[in-house]
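If you read the sequence shown in full-length UniProt numbering, its first letter stands for residue 1, the second for the next number, and so on. Note that beta-carbon positions come from the ideal geometry of N, C-alpha and C, so glycine has one too. Worksheet for the structure shown next.
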Amino acid sequence: MITLTRKLKKDGGPGSSSSAESSKRVSVRDKLLVKEVQEMEQTLPSTCRVKFEDPHQLHDFQLTVTPDEGYWAGGRFRFHIYVTEDYNMAPPSVKCLTKLWHPNISEHGDICLSLLRQNSIDGMGWAPTRKLKDVIWGLNSLFTDLLNFDDPLNIEAAELYLKDKEAFQNRVREYVTQYAKR
Numbered sequence: 001m002i003t004l005t006r007k008l009k010k011d012g013g014p015g016s017s018s019s020a021e022s023s024k025r026v027s028v029r030d031k032l033l034v035k036e037v038q039e040m041e042q043t044l045p046s047t048c049r050v051k052f053e054d055p056h057q058l059h060d061f062q063l064t065v066t067p068d069e070g071y072w073a074g075g076r077f078r079f080h081i082y083v084t085e086d087y088n089m090a091p092p093s094v095k096c097l098t099k100l101w102h103p104n105i106s107e108h109g110d111i112c113l114s115l116l117r118q119n120s121i122d123g124m125g126w127a128p129t130r131k132l133k134d135v136i137w138g139l140n141s142l143f144t145d146l147l148n149f150d151d152p153l154n155i156e157a158a159e160l161y162l163k164d165k166e167a168f169q170n171r172v173r174e175y176v177t178q179y180a181k182r
């Protein structure tokens with residue numbers, strides 16, 4: 001498989017000395033992303049795929065998570081990830097594009113994941129030492145071991161889980177079948 005970094009070098013993208021734009025100033029974000037995207041590609045969980053609509057725009061891409069275990073197994077969940085200019089001092093912006101029933105993801109795509117918070121009470125929020133691969137692994141883990149029913153974004157989903165796990169599972173399956181089937 002050709003990695004994105006090799007493709008960029010071949011195409012004369014960011015980080016390529018043959019780029020017609022090499023005389024323009026490259027942002028800190030873009031310099032970091034060239035390295036981080038390569039590292040991210042090498043460490044992707046088997047249940048994740050990354051797609052760059054434009055290989056020259058490393059700051060704007062989609063992630064697809066296809067859990068193979070847990071409540072959401074068999075579903076395909078797409079996320080839009082946008083890395084802002086103030087990266088790595090601020091976390092990327094992430095939105096779930098697939099409607100789902102989840103305690104930590106709203107039906108509108110908002111995500112409750114501490115490492116995506118600029119300031120987090122638990123100390124687990126974004127820090128300049130974090131990388132894109134941490135975001136990918138965190139999003140992937142929301143479908144397995146990072147479920148948080150105590151501090152939910154979708155309160156109704158969390159309450160249903162605590163009250164009736166079978167009804168919760170049925171609702172999850174309905175959403176997977178209707179919106180996220182592979």
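Report task. Check Ser23 in the structure and name its three-state DSSP category. Result -> Model confidence at Ser23 stands at a pLDDT of 38, short of 50, so the residue's coordinates are unreliable and nothing is read from them.
**Report entry** Which listed residue (Pro92, Lys35, Gln62 and Cys112) has its alpha carbon closest to that of Asp151
**Finding:** Cys112
Query raised in the report: By Cβ distance below 8 Å, which residues in the same chain neighbour Arg29 in space, the five residues on each side in sequence not counted?
Result: His59, Val83, Thr84, Glu85, Asp86, Tyr87 and Asn88
Query raised in the report: Within 10 angstroms of its Cβ, does His108 collect 16 or more other Cβ (buried), or is it exposed?
Result: exposed
Query raised in the report: Tell me, which residues are paired with Gly82 by DSSP?
Result: The question names Gly, but residue 82 is Tyr in the sequence shown. Within the DSSP secondary-structure output, Tyr82 pairs in a beta bridge with Asp60 and Ser93.
Query - Sequence-distant residues of its chain with Cβ nearer than 8 Å to Asn170 (five each side left out) - result: none
Report task. Measure the beta-carbon distance from Arg76 to Ala180 and round it to whole angstroms, keeping in mind my assumption that it falls under 8 Å. Result -> 5 Å
Report task. Please say whether Leu116 and Trp126 have beta carbons closer to each other than 8 Å? Result -> Taking 8 Å as the Cβ cut-off, Trp126 and Leu116 qualify as a contacting pair.
Report task. Determine, using beta carbons only, whether Asn140 and Ile105 come nearer to each other than 8 Å. Result -> no
**Report entry** Neighbour-count burial assignment, Ser23, 16 or more Cβ in a 10 Å radius
**Finding:** In this predicted model, Ser23 has a pLDDT of only 38, less than 50, meaning its place in the structure is not dependable; the value taken from the coordinates is given anyway. Result: exposed.
Query raised in the report: Quick one, which of Met40, Val34 and Leu32 has its alpha-carbon nearest Asp134's?
Result: Met40
**Report entry** Contacts around Ala90, its chain only, beta-carbon distance under 8 Å, and the 5 residues preceding and following it disregarded
**Finding:** Thr84, Gln118 and Trp126
Query raised in the report: Ends of the alpha helix (DSSP H) at Arg173?
Result: Lys165 to Tyr179
**Report entry** Candidates Asp54, Val26, Gly74 and Thr64: closest to Arg182 by CA position
**Finding:** Gly74
Requested in this report: Please name the residue, chosen from His56, Asp54, Thr64 and Glu166, that lies closest to Thr48 on a Cα-to-Cα basis.
Outcome: Sequence inspection shows Cys at residue 48; the Thr mentioned does not correspond to that position. That would be Thr64, whose Cα lies nearest to the Cα of Cys48.
Report task. Quick one: grab the DSSP three-state call for Arg29. Result -> In the structure shown, Arg29 sits in a helix (DSSP, three-state: H, G or I).
Query raised in the report: If you measure from the beta carbon of Glu85 to each beta carbon in chain D, is any gap under 8 Å?
Result: Although the question refers to chain D, the structure presented lacks it and comprises just one protein chain.
Query raised in the report: Can Pro67 and Ile81 be called in contact, C-beta distance under 8 Å?
Result: no
Query raised in the report: Could you give the residue range of the alpha helix (DSSP H) that holds Lys133?
Result: Residue range Leu132 to Ser141 is occupied by the alpha helix (DSSP H) that includes Lys133.
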